[in-house]
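In UniProt numbering, the protein residues as written are 1 to 65.
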């Protein structure tokens, strides 16, 4: 059985995540034309995750990154 390492989610990570999502209006604004584009949104969230993993390497353990 694999062991998991608990990574405490802190305000710095949260603030970074929120800022990255805020910059991509189509992720949260249902009036944006791209809001309904599931593949585009998934790609954006993947890019956000990658950016967070690069900035905070310890977060890569959360999803095996």
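Glycine included, C-beta positions come from ideal geometry on N, C-alpha and C.
If you're wondering where the values come from, they're calculated on a predicted model, not measured in any experiment.
Leaving out five residues on either side along the sequence, give the residues of the same chain with a beta carbon under 8 angstroms from the beta carbon of residue 18. Within the same chain, residue 18 has no close Cβ partners at all.
Tell me the DSSP secondary structure of residue 29 in three-state form. Here residue 29 sits in coil by DSSP.
What's the gap between the Cα of residue 6 and the Cα of residue 30? The alpha-carbon separation between residue 6 and residue 30 amounts to approximately 34 angstroms.
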